[in-house]
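Residue numbers (the working numbering): 265 to 718.
We put the beta carbon where it would ideally sit given N, CA and C, even for glycine.
Values in this document were obtained by computation on a predicted structure and should not be read as measured data.
Read through the structure below, which is laid out as structure tokens, and then see the notes.
What follows is the structure, encoded as structure tokens:
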């Protein structure tokens, strides 16, 4: 059987789409070959770029025959930029792939065959939906400050000042900000020598309120013209509610440092999900697709039901977005979050909405969960964990409890499937509702309903 060699060019038939958005082909020796910018049904010519023990990567050279659903990507830098992975696929076909991906993961990793998998709740707008962007900066060939996103598989920045998945106000704030920054002699951070001032521009907007917040992330505080720049931007962009400087002088891939300095205006914007209002600061966690977040939370509300005497835990509650949205569905909701600043924001959001039946608890989920389950008669738990999913201690607590209902919201179906595999000894997976919060990318949110086995 022929062995693949790095650098060789071969013809491949794409059979499947992997979770990361790459097309998957099989080499003659059976090895999986991952090729970005392809889709099932494509016949392609590609060059082998990397070979591992059980799989390989190849770079697309030419599409010989196009698979069903292939379209021309509307973004001019799509083939280079790593911000999106699926613009070359028709949106309806994208939804089919995401649905199939969740099914495969639950079947293969969780070992669960019998459950109801709903059709993906599609986005009404599959472009211009993101309410937050984080732009790394660099100097172009003319020594002008520019911004964009990282090239696929690298830290090389592909300039883009009109990203098609960002809200239009984000792109306008970006363009005006770059125009102002380039009027001054400002340096840009270099990852190699750790020198230079400007690191990132982070922009948040309210989809429902059309308010904007700009954060300039800098390497240190040597930013003499910052107040003048901030005031000018506030004048030129009427929707801009505030300009913040965040200082990050660490050698890290983490975008934000610990110190925020308000340069002009306010350090928060207001956004709505349904009738619930939220104050969002620079570092608050908030779903990046406001319109789809409502569909996500409505699904959680439907699964929770309307038992006004119920006691519910919202674990990994962040700024309280889910707990506050569902406050009228229960007698009491305990919202657990480990980040102090998020808990403070959550308490402000509760006051903003005159909600009194949500109690915010600062601490690690596994520790607070243990205490709450011991003290209170909890009916349901809602989880919305980070991508890594639930830790073993939390799963063990659930297996030792008799919670009637678990609603597990996930942004990573693979780790959700791993956790469902452990939980199935005590809980029955009833159904999963996928919600597409991230059109044009491989990411998908899913809401799983689990009920205690009889």
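- Scanning its chain for C-beta atoms nearer than 8 angstroms, with the 5 sequence neighbours on each side dropped, one finds around residue 448 the residues 489, 493, in chain order.
- Residues of the same chain with a CB within less than 6 angstroms of the CB of residue 594, apart from the 5 flanking positions on each side, are 574, 576 in chain order.
- Between residue 544 and residue 537, the C-beta gap is not smaller than 8 angstroms, which leaves the two residues out of contact.
- Our two residues, residue 637 and residue 279, have alpha carbons roughly 47 angstroms apart in a direct line.
- Cβ contact annotation for residue 673 (same chain, cutoff 6 angstroms, sequence separation greater than five): 648, 711, in chain order.
- Fully contained in the segment 530-577 are the following alpha helix (DSSP H) runs of length 4 or more, in chain order: 554-568.
- Contact between the segment 693-706 and the segment 380-390 is present: three or more C-beta pairs spanning the two stretches fall below 8 angstroms.
- Secondary-structure assignment with DSSP links residue 665 through no beta bridge to anything.
- In this structure, residue 320 lies near residue 268, with their beta-carbon atoms less than 8 angstroms apart.
- Boundaries of the alpha helix (DSSP H) around residue 363: 355-369.
- Of 400, 707, 639, 633, the smallest CA-CA separation from residue 655 is found for 633.
- Residue 476 is bridged by DSSP to 469, 504.
- Residue range 604-616 is occupied by the alpha helix (DSSP H) that includes residue 614.
- The C-beta distance from residue 503 to residue 476 rounds to 5 angstroms, short enough to fall under 8 angstroms.
- The beta-bridge partner set that DSSP reports for residue 285 is empty.
- When Cβ pairs closer than 8 angstroms are counted between the two stretches, the segment 597-604 is seen not to touch the segment 703-710, the count staying below three.
- As DSSP reads the structure, residue 412 sits in a beta bridge with 423.
- With a threshold of 16 other beta carbon atoms within 10 Å, residue 356 falls short and is exposed.
- Secondary structure remark: continuous alpha helix (DSSP H) runs of at least 4 residues inside the segment 645-690, in chain order: 656-664, 677-687.
- The C-alpha of residue 665 is placed about 24 angstroms away from the C-alpha of residue 378.
- A check of alpha carbon separations from residue 314 across 308, 323, 307, 306 identifies 323 as the nearest.
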